[in-house]
Amino acid sequence: MTDAPTYGFDTLQIHAGAKPDPATGARQTPIYQSTAYVFRDAEHAAALFNLQEVGFIYSRLTNPTVAVLQERLATLEGGVGAVCCSSGHAAQIMALFPLMAPGCNVVASTRLYGGTITQFSQTIKRFGWSAKFVDTDDLDAVSAAIDENTRAVFCESIANPGGYVTDIRALADITDGAGIPLIVDNTSATPYLCKPVDHGASLVVHSTTKYLTGNGTVTGGCVVDSGNFDWSANDKFPSLSAPEDAYHGLKFHETFGPLAFTFHSIAIGLRDLGMTMNPQGAHYTLMGVETLSLRMQKHCENAEKIAAWLENDSRVDYVTYAGLPSSPYYERAQACYPKGTGGLFTFAVKGGYEACTKLVDALEIFSHVANLGDTRSLIIHSASTTHRQLSPEQQEAAGAGPNVVRISIGIEDADDLIRDLDQALAKACG
Ligand SMILES: *Cc1c(COP(=O)(O)O)cnc(C)c1O
Numbered sequence: 008m009t010d011a012p013t014y015g016f017d018t019l020q021i022h023a024g025a026k027p028d029p030a031t032g033a034r035q036t037p038i039y040q041s042t043a044y045v046f047r048d049a050e051h052a053a054a055l056f057n058l059q060e061v062g063f064i065y066s067r068l069t070n071p072t073v074a075v076l077q078e079r080l081a082t083l084e085g086g087v088g089a090v091c092c093s094s095g096h097a098a099q100i101m102a103l104f105p106l107m108a109p110g111c112n113v114v115a116s117t118r119l120y121g122g123t124i125t126q127f128s129q130t131i132k133r134f135g136w137s138a139k140f141v142d143t144d145d146l147d148a149v150s151a152a153i154d155e156n157t158r159a160v161f162c163e164s165i166a167n168p169g170g171y172v173t174d175i176r177a178l179a180d181i182t183d184g185a186g187i188p189l190i191v192d193n194t195s196a197t198p199y200l201c202k203p204v205d206h207g208a209s210l211v212v213h214s215t216t217k218y219l220t221g222n223g224t225v226t227g228g229c230v231v232d233s234g235n236f237d238w239s240a241n242d243k244f245p246s247l248s249a250p251e252d253a254y255h256g257l258k259f260h261e262t263f264g265p266l267a268f269t270f271h272s273i274a275i276g277l278r279d280l281g282m283t284m285n286p287q288g289a290h291y292t293l294m295g296v297e298t299l300s301l302r303m304q305k306h307c308e309n310a311e312k313i314a315a316w317l318e319n320d321s322r323v324d325y326v327t328y329a330g331l332p333s334s335p336y337y338e339r340a341q342a343c344y345p346k347g348t349g350g351l352f353t354f355a356v357k358g359g360y361e362a363c364t365k366l367v368d369a370l371e372i373f374s375h376v377a378n379l380g381d382t383r384s385l386i387i388h389s390a391s392t393t394h395r396q397l398s399p400e401q402q403e404a405a406g407a408g409p410n411v412v413r414i415s416i417g418i419e420d421a422d423d424l425i426r427d428l429d430q431a432l433a434k435a436c437g
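Sequential numbering from 8 applies to the sequence shown in my numbering.
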């Protein structure tokens, strides 16, 4: 089955990109655990290497199991193509790679996954790239931050961990005007709750490690290409619009049209950076994606109940969940994310840093781990872990102050989770 816009999400999450195995009839997508693929003949090999024919050469570039996941995620996100990678962080580099050159910058939201802030503020400098962080609610500040060397704006749809939801359309209006792509990290929302492409995003990135796989088994990432961005409208994106030296002068946009970004990412990004997803990992993620909508509904339902319970508890200072009417983002969430705002939020514990560390130690069902988007409920004290490398100002800006814990609500019984939080808060707050 290929992408058929007439099918609903629940059908596509199971079928898109997959068909019974032509060799064996296997109904489930096989794990093609093979590094290389035999060419029919020398002419076939040459056509594949020339990108005149699409097929499998070597699994650093393409693999049949990974290809099914790529097509499934592209379909669910409403894109034309996708490239899977070894992790979410790999996907972020892969998203920027065709756009950037030394001296170029990305304008990024201050409200991002802690690791992304580190990757953007430190590590990309080694490539001669840089990031300018702005509050993406301040649209004037976003416009002002974009200069002649800016090649993208980067945000998260539902930002991890602070309960913040982005007005993607408002940012897309700015990036459209500036002739640069909008990249949205849709990890926390997943395409079930939000399709950034429908709101004007050019590229969507995922840590498939989280909700898409759904049970904490493998790391992975993905870049979905909307196919909507005109890479040749200005001279900012020569890797896509001009002859590409790294592929014997091929002009990707002229040759592949809306698939230019996807082809470039495979032919050059995966070829030379090598941040490839393996077929075993793709298999686990395909298994997870089949139940995505069911899990997301339950994550949202549980999170709404638990956030409301916590908000009314005297041991809790505040809860940042955009699904709560008290949230400053409630109206925006209802408008932009009508199916729910996910299973991830933070809350502040009276008693600060020490109470937070006692709380994570006292919980029995919740696991204290650096992950999110698992069927299991998870908790972390960001300030002492994931956001530890950030300055106090960056921690506050990211919604990860010392008195704050982040929880990723699983799909267990909500009443059991509430009882667990109740007994642990009793121990934490004395
Ligand atoms: C986890 C995460 C990442 C990084 O993904 P990895 O798979 O851990 O590399 C990026 N963005 C968000 C929102 C995440 O939650």
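Where is the CB? At the ideal position from N, CA and C, for every residue including glycine.
Any chance the segment 94-101 sits against the segment 114-133, with 3 or more Cβ pairs inside 8 Å? yes
Would you report the Cα separation of Gln59 and Gln35, rounded to the nearest angstrom? 30 Å
Does the distance from the CB of Phe259 to the CB of Ala267 come in under 7 Å? yes
What residue range does the alpha helix (DSSP H) around Ser300 cover? Leu299 to Glu318
Per the DSSP calculation, Ile190 is bridged to which residue(s)? Phe161 and Leu210
Three-way DSSP call (helix, strand, coil) for Met8 in this model: Note on Met8: pLDDT 49, under 50, position unreliable in the model; no value is reported.
Would the segment 291-306 and the segment 43-56 be scored as touching if the rule is three or more Cβ pairs under 8 Å? no
Looking only at DSSP bridge pairs, what is Glu251 linked to? Leu257
Which value, in whole angstroms, describes the spacing of the CA atoms of Ile165 and Ser116? 12 Å
Name the DSSP beta bridge partners of Tyr65, please? Ala43
For a test of your reading of the model: does the CB of His96 fall under 6 Å from any non-hydrogen atom of ligand 1? Yes or no. yes
Heavy atom of ligand 1 within 6 Å of Ile167 beta-carbon: Note that residue 167 corresponds to Asn in the displayed sequence, not to Ile. At least one heavy atom of ligand 1 is nearer than 6 Å to the Cβ of Asn167, so yes.
In whole angstroms, what separates the C-alpha of Gln402 from that of Pro37? 44 Å
At a cut-off of 6 Å, is Tyr254 close to ligand 1 when judged by its beta-carbon and the heavy atoms of the ligand? no
Using only CA atoms, which one of Leu178, Gly417, Asp154 and Glu338 lies nearest to Asp145? Leu178
Based on DSSP bridge pairs, tell me the residues matched to Gly95. Looking at the DSSP assignment, Gly95 forms no beta bridge with any residue, so it has no partner.
For Lys346, the three-state DSSP class (helix, strand or coil): coil
Quick check: is any heavy atom of ligand 1 less than 6 Å from the C-beta of Ser214? yes
Select from Asp422, Asp423, Gly417 and Ala102 the residue whose C-alpha is nearest the C-alpha of Gly223. Gly417
Simplified DSSP state of Cys229, which is helix, strand or coil: strand
Is the closest heavy atom of ligand 1 to the C-beta of Thr393 under 6 Å? no
Terminal residues of the beta strand (DSSP E) in which Asp324 lies: Val323 to Thr327
Look at the alpha carbon of Gly122 and the alpha carbon of Ala404, and state the distance between them as a whole number of angstroms. 14 Å
Output the distance between the C-alpha atoms of Asp180 and Pro245, rounded to the nearest integer angstrom. 23 Å
Measuring from the CB of Asp381, is there a heavy atom of ligand 1 at a distance below 6 Å? no
Cβ neighbour criterion (16 or more within 10 Å) applied to Glu361: exposed
By the 10 Å Cβ neighbour count, where 16 or more other Cβ atoms means buried, how is Lys26 classified, buried or exposed? exposed
Inter-residue CB distance, Leu385 and Ser374 (contact presumed, cutoff 8 Å): 5 Å
Should Tyr344 be counted as a contact of ligand 1 given a C-beta to heavy atom distance under 6 Å? no
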